[in-house]
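These notes concern the structure reproduced below.
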Amino acid sequence: MPAEYRDPLPAAADLVVIGGGIAGVMAAWFAAGAGLRVVLVEKGRVAAEQSSRNWGWIRAQGRDPAELPIMAEAAALWPLLQRETGEDLGLARTGTLYLARRDRDLARHEAWMVHARAHGLDTRMLTARAVARLLPGAAEDWHGGLYTPSDLRAEPWVAVPALARAARASGVAIREGCAARRLDMAGGRIAGVVTEAGRIAAPRVVLAGGAWSALFLRAHGIGLPQLSVRATALATAPLPQVHAGGACDDRLAFRRRQDGGYTLAPNDRHDFHIGPDALRHARAYWPQIRDDPRGTIFRAAAPRDHPDAWRTPRRWDADEITPFERARILDPAPNMALVRRARARFEAAFPRLGPVRIARAWAGMIDTLPDMLPVIDRVAALPGLVVLTGLSGHGFGIGPGVGRVAADLAMDRAPGHDLTPFALDRFGT
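For the sequence shown, counting from 1, position 179 maps to 179 in full-length UniProt numbering; every step adds exactly one.
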């Protein structure tokens, strides 16, 4: 597809944002709202990777408690953003439902209620009978569930482009098809960004590169144990409603879509391609693998132009073509075995729907970190740089909140939240 945003690059700006997903778009929007001259550069297309491929859940439920204060801010921002854009983002308050097939799942959900109460959420435990009332006609024998009625949903492929249009209307210059190659340093701090289309002088940079962030940082001598997993999902053709919001058990996730279909995804499997960073950070990820040994399908060498491919360069000069220009959009093929399995599980859970037709299937590369929490931090070794990455598959909903925090960090303002759990140096790399 041709680029939608081809704004001229200014010679200078107050802030350059690298990455056109929801995190970068929102950081740019908030900074522009504070009066900064902002440029957002995106190597491919706005929202072409994770931000348009996620499930569309905007949830507080089930999050690490460290994220809940920022998530509360994000949940309040979403309706404001819908009014600001003047567009239909598919936003609806339809709740999040976690279903328990086993008693141990129910116990895990009950344990999370401590955090729900501490943060004033309307989350509640459901009995098997209450689940049956929420999901009439379901054939699965769920033992109960966890339910947060106030959680939201939106359509990712609609919402993030709309937010980008709002950012541009607020004064952000957006340039698609323009990779950031290197940071330009002077006097021990950031002086600008060298892009494939030229240099932009700027004292501040927010790196929100998703699955590509660690590669960019490594080229500047900063280590981050970020890896990427391939997650598969599918959209059904329109179906009668079985639930208005998002729901999942330990095997299947489903969400009602604005077009009348459902987004389905396997909730127990993802694909992982082996590369040099995977081996380098294996020890950090061992607890995840140990606790869920069947959840990861290990694949052979990472494909060409993957961030962790064996032949992907880890260093380059500012006048060289970078890996970001060789892979404009990370577009992995879906795992069709998982697609068929998710459809079969949905059909088995709701037999009254009959055969379910697949409208399309896709996959996305999720940037993840060993503790499943993002990095939201200034980089001490590169003064002027703020990193916002590693949202680990749950960044869409919290995106407006973390974007605001990153913008304030870049402007040397107080972030308004305790960011200790999101520190770059917490991994000791």
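Ideal Cβ placement from N, Cα and C applies to all residues, glycine included.
Starting from residue i, follow its DSSP beta bridges and name the residues at the other end.
i	result
T195	A180, G198
H273	R299
V375	T389
S228	D367
V205	V16, L385
A253	C248, A265
W57	R153
E42	E176
Y98	L146, C248
R360	A235
I329	Paired residues: none, contrary to the question.
M185	I190
T85	Answer is none; T85 lacks a bridge partner.
A76	BP columns for A76 are empty, so no partner.
L126	G145
A31	Answer by DSSP bridge pairing: none, since A31 is not bridged.
A92	R153
R6	R175
Going by other Cβ atoms of all chains shown within 10 Å of its Cβ, with 16 needed for buried, is residue i buried or exposed?
i	result
V114	exposed
D277	buried
Q50	buried
D259	exposed
M71	buried
P351	exposed
F30	buried
F298	exposed
residue 435	What the structure shows of the chain is the stretch from 1 to 429, and residue 435 is not part of that stretch, so it cannot be assessed.
A167	buried
T263	buried
L91	buried
A342	buried
E110	exposed
A107	exposed
A287	A small correction: the amino acid at residue 287 is Pro; Ala does not occupy that position in the sequence shown. Classification of P287: exposed, given that the 10 Å Cβ count is below 16.
T127	exposed
P334	buried
residue 496	No answer is possible for residue 496: it lies beyond the span of the chain, which begins at 1 and ends at 429.
I329	exposed
L279	exposed
R63	buried
L80	exposed
I289	exposed
P225	buried
G395	buried
Assuming residue i and residue j are in contact, meaning their beta carbons sit under 8 Å apart, how far apart are those beta carbons, in whole angstroms?
i	j	result
R37	D14	5 Å
L227	H281	6 Å
W316	A219	6 Å
P374	F427	Not quite, the Cβ-Cβ distance comes to about 12 Å (not below 8 Å), so this is no contact.
P400	A74	5 Å
V405	P421	Between P421 and V405 the Cβ distance is about 12 Å, and since that is not below 8 Å, they are no contact.
D367	G390	6 Å
T195	A180	5 Å
I274	A300	7 Å
residue 469	F272	No answer is possible for residue 469: the residues shown for the chain start at 1 and end at 429.
H143	R102	7 Å
D268	D250	6 Å
G33	S170	6 Å
A423	I222	Contact doesn't hold; Cβ gap of about 13 Å is too wide.
A410	V379	A410 to V379, Cβ: 11 Å. No contact.
A139	A348	7 Å
Short check: CB of residue i to CB of residue j, under 8 Å?
i	j	result
I376	A208	no
L9	I321	no
H270	G246	no
L183	V205	yes
G364	A231	yes
C178	A191	no
T312	P323	yes
G56	P156	yes
G44	E176	yes
H243	L135	yes
L388	I174	no
A23	G403	yes
R153	T85	no
V172	A28	yes
A186	V193	no
A265	A284	no
Is there a Cβ from chain D that is less than 8 Å from the Cβ of residue i?
i	result
L40	The chain inventory of the structure shown lacks chain D, comprising one protein chain alone.
Below 8 Å, how does it come out for the stretch 345-365 and the stretch 233-243: are there three or more Cβ pairs, yes or no? yes
Decide yes or no for the touch test of the stretch 122-135 against the stretch 146-160: beta carbon pairs closer than 8 Å, at least 3 of them. yes
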